[in-house]
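Reviewing the structure listed below.
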Amino acid sequence: MLLLIIIAGTIMVALYNRYFPVRGVQCSTEIPTETESILILDVRDYNQSSANPIPHAVNLPVAYINRNWDDVAATRIHVAASTPLEKNMSIRMLKRKGYKVAGYTLTEKQSPPKQNKGKGYCYGI
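Here the sequence shown stands for residues 1 to 125, where the numbers follow the UniProt record's numbering.
Rendered as structure tokens:
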């Protein structure tokens with residue numbers, strides 16, 4: 001019985017980390033244009049970011065954040081991701097490393113689009 005509870009708890013934590021949004025991070029439909037005070041971090045795969053590049057963005061896919069997190073020189077970051085899963089995983093990893101994530105933008109529309117608590121849809125670019 002105890003083993004079943006431990007396994008269920010582990011699965012619940014993994015699902016929470018992947019699919020539940022991170023609190024306190026604002027959605028934006030626009031990428032910030034003032035890049036001196038904030039770093040735009042593009043966490044999409046290389047093939048997606050090369051097909052639709054974001055000006056002045058640093059490309060560091062989610063899979064490489066844990067290995068190359070020290071390459072990110074700024075402390076305030078705006079995340080550009082293609083899916084909510086990429087967004088959630090990258091923001092959690094960056095917050096664990098001590099970065100302040102100021103906001104995020106989703107670049108690919110999902111079907112059906114999810115509304116952000118009455119603030120409109122969180123898709124941009």
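Ideal placement from N, C-alpha and C gives every residue a C-beta, glycine not left out.
Distance CB(V22)-CB(R92) smaller than 8 Å: Taking the first residue of the sequence shown as 1, we reach residue 22 at position 22. Taking the first residue of the sequence shown as 1, we reach residue 92 at position 92. Yes. Within cutoff.
Specify, as a first and last residue, the run of the beta strand (DSSP E) that Y104 falls within. Working through the sequence shown from its first residue, we reach residue 104 at position 104. It spans 100-106 - the beta strand (DSSP E) in which Y104 sits, taken as one unbroken run.
CA-to-CA distance, I54 to D45, given in whole angstroms: Here residue 45 is taken as the residue at index 45 of the sequence shown, counted from 1. Here residue 54 is taken as the residue at index 54 of the sequence shown, counted from 1. Answer to the nearest angstrom: the Cα atoms are 13 Å apart.
Following the continuous alpha helix (DSSP H) through A8, name the residue where it begins and the one where it ends. Residue mapping note: residue 8 aligns to position 8 of the sequence shown, counting from 1. Note, A8: alpha helix (DSSP H), 2-19.
Those residues which DSSP pairs with H78 across a bridge: As a working note, residue 78 is residue 78 in the sequence shown. Per DSSP, the beta bridge partners of H78 are I40, G103.
Can you tell me the Cα-Cα spacing of P84 and I5, whole angstroms? Residue 84 sits at position 84 when you count from the first residue of the sequence shown. Residue 5 sits at position 5 when you count from the first residue of the sequence shown. C-alpha separation (whole angstroms): 28 Å.
Can you say whether M75 is buried or exposed, counting buried as having 16 or more other CB atoms within 10 angstroms of its CB? The residue labelled residue 75 in the question sits at position 75 within the sequence shown. The displayed chain sequence assigns Thr, not Met, to residue 75. T75 is exposed by the Cβ-count criterion.
For W69 and R96, the rounded distance between their alpha carbons: Your numbering for residue 96 matches position 96 in the sequence shown. Your numbering for residue 69 matches position 69 in the sequence shown. Each residue's Cα considered, the two are about 11 Å apart.
Collapsed DSSP secondary structure at H56 in the structure displayed: Reading the sequence shown from its first residue, position 56 is the one you call residue 56. Three-state DSSP puts H56 in coil, outside helix and strand.
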